[in-house]
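Peer 1: Have a look at the structure that comes next, please.
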Amino acid sequence: MEAKAGNERQVKVQVNHLTKKFGDLLVLDDISFDVEKGDLLCVVGPTGCGKTTFLNSLTKIYDITSGEILLDSHPVDPKKDHIAYIFQGNSTMPWLTVEQNVSFGLDIKHVPQEKKRELVDKYLEIVGLTKYRKYYPKQLSASMLQRVSIARAFATEPELLLMDEPYGQLDIELRFKLEDELIRLWEMTGTTVIFITHNIEEAVYLGEHIMVLTNKPTTVKQTLQNDLPRPRDIAAPEFVRLREEVTELIKWW
Ligand SMILES: Nc1ncnc2c1ncn2[C@@H]1O[C@H](COP(=O)(O)OP(=O)(O)OP(=O)(O)O)[C@@H](O)[C@H]1O
Ligand SMILES: [Mg+2]
1 MEAKAGNERQ VKVQVNHLTK KFGDLLVLDD ISFDVEKGDL LCVVGPTGCG KTTFLNSLTK
61 IYDITSGEIL LDSHPVDPKK DHIAYIFQGN STMPWLTVEQ NVSFGLDIKH VPQEKKRELV
121 DKYLEIVGLT KYRKYYPKQL SASMLQRVSI ARAFATEPEL LLMDEPYGQL DIELRFKLED
181 ELIRLWEMTG TTVIFITHNI EEAVYLGEHI MVLTNKPTTV KQTLQNDLPR PRDIAAPEFV
241 RLREEVTELI KWW
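Counting from 1, position 93 in the sequence shown corresponds to residue 93 in my numbering; the numbering is continuous, with no gaps.
Shown next as structure tokens:
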């Protein structure tokens with residue numbers, strides 16, 4: 001997580017003394033951590049500890065109470081910075097077709113027509129939805145809807161991708177598929193990813209780092225580095241060992 005002096009690691013996101021209260025409710029309690037450029041950081045923490053609140057603070061959906069969040073050493077500005085956010089639950093727009101959904105972030109950024117078509121085609125192909133481009137969300141399965149969200153996020157070629165329990169509602173097989181898809185896209189693009197999940201196995205499968213949060217008022221309990229080689233084998237003894245280590249930390253929530 002922390003950039004070490006003297007090597008090439010760069011810090012992408014810096015969270016300094018972040019505190020967020022809702023009225024009298026203290027949710028995030030003086031939290032500080034760094035996310036390296038190109039990292040895939042998985043965040044696990046109990047329900048209601050403020051994981052979504054953190055992403056909403058980063059994207060300025062919420063005002064923070066105190067502290068700061070920096071992107072490339074500047075105060076984060078979602079209007080200018082290339083951030084994509086896949087919300088908890090289905091976040092497709094029902095009145096738009098698959099291709100219009102994927103194009104949505106590009107429309108906002110006023111990407112020229114031709115470039116837009118190219119990006120939409122590319123990411124529809126990558127997530128296997130080319131055939132369904134004219135469909136509406138109500139005609140798709142849960143995993144296809146997630147694919148639309150993933151394609152929409154990646155089409156904007158974000159420097160920072162935020163994912164809030166994107167696979168929570170899916171069955172195991174689809175989850176595995178989409179996890180591999182995410183890894184493939186992450187490796188291809190080198191984008192920095194912050195991935196929130198309740199699922200410890202998923203965190204160990206995906207994460208370069210795993211950050212464990214406490215109960216409210218929330219602080220960082222521990223951040224573990226995950227050097228297991230990819231593709232990861234969920235049955236390998238080292239995998240199981242790391243999963244148990246994270247589980248042990250979580251037991252004390
Ligand atoms: N807009 C809001 N106004 C008031 N309280 C809020 C608001 N948003 C979140 N909270 C409170 O802040 C706390 C953290 O909520 P948040 O949704 O960030 O948790 P979470 O870690 O994402 O939970 P989950 O794992 O269930 O998604 C909760 O106690 C919630 O009730
Ligand atoms: Mg949440």
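We treat Cβ as the ideally placed atom computed from N, Cα and C, and that holds for glycine.
Looking at residue 204 and residue 176, is the spacing between their C-beta atoms short of 9 Å?
Peer 2: No. Outside cutoff.
Peer 1: According to DSSP, what are the bridge partners of residue 84?
Peer 2: Per DSSP, 161.
Peer 1: Start and end of the alpha helix (DSSP H) containing residue 101?
Peer 2: From DSSP, the alpha helix (DSSP H) with residue 101 extends over 98-108.
Peer 1: Give the range of the alpha helix (DSSP H) segment to which residue 248 is assigned.
Peer 2: Per DSSP, residue 248 belongs to the alpha helix (DSSP H) from 237-251.
Peer 1: List the DSSP bridge partners of residue 75.
Peer 2: Beta-bridge pairing links residue 75 to 70.
Peer 1: State the Cα-Cα distance for the pair residue 142 and residue 56, rounded to the nearest angstrom.
Peer 2: Taking the straight line joining both Cα atoms gives about 24 Å.
Peer 1: Report yes if the CB atom of residue 63 is closer than 9 Å to the CB atom of residue 71, and no otherwise.
Peer 2: No, Cβ-Cβ distance for residue 63 and residue 71 is not below 9 Å.
Peer 1: Please classify residue 18 as buried or exposed, where buried requires at least 16 neighbouring CB atoms within 10 angstroms.
Peer 2: Label assigned to residue 18: buried.
Peer 1: Would you give the residue range spanned by the alpha helix (DSSP H) that residue 259 belongs to?
Peer 2: The structure shown does not extend to residue 259, since the chain is modelled only from 1 through 253, so no value can be given for it.
Peer 1: If you reduce the DSSP assignment to three classes, tell me which class residue 131 lands in.
Peer 2: It is helical.
Peer 1: Does the pairing of the region 46-61 with the region 23-36 give three or more beta-carbon distances under 8 Å?
Peer 2: Judged by Cβ distances under 8 Å, the region 46-61 makes contact with the region 23-36, as three or more pairs qualify.
Peer 1: Is residue 88 near ligand 3, going by C-beta to nearest heavy atom under 8 Å?
Peer 2: Only ligand 1 and ligand 2 can be found as ligands here, which leaves ligand 3 out of the picture.
Peer 1: Among the candidates 123, 154, 38 and 221, whose CA atom is the shortest distance from the CA of residue 245?
Peer 2: That would be 221, whose Cα lies nearest to the Cα of residue 245.
Peer 1: According to the Cβ coordinates, are residue 147 and residue 104 closer than 9 Å?
Peer 2: Contact flag unset, no.
Peer 1: For residue 50, verify whether its CB is less than 8 Å away from any heavy atom of ligand 1.
Peer 2: Because some heavy atom of ligand 1 lies under 8 Å away, the Cβ of residue 50 counts as near it: yes.
Peer 1: State buried or exposed for residue 207, treating a residue as buried only when at least 16 other CB atoms are found within 10 Å of its CB.
Peer 2: The residue in question, residue 207, is buried, as its Cβ has 16 or more Cβ neighbours within 10 Å.
Peer 1: Using the Cβ count rule (16 or more neighbours within 10 Å means buried), how would you classify residue 235?
Peer 2: Counting Cβ neighbours within 10 Å, residue 235 comes out exposed, since fewer than 16 surround it.
Peer 1: Please report the straight-line C-alpha distance between residue 58 and residue 76, rounded to a whole angstrom.
Peer 2: Their backbone Cα atoms lie some 7 Å apart in a straight line.
Peer 1: Starting from residue 111, follow the alpha helix (DSSP H) in both directions and report where the run begins and ends.
Peer 2: From DSSP, residue 111 is part of no alpha helix (DSSP H); its letter is neither H nor E.
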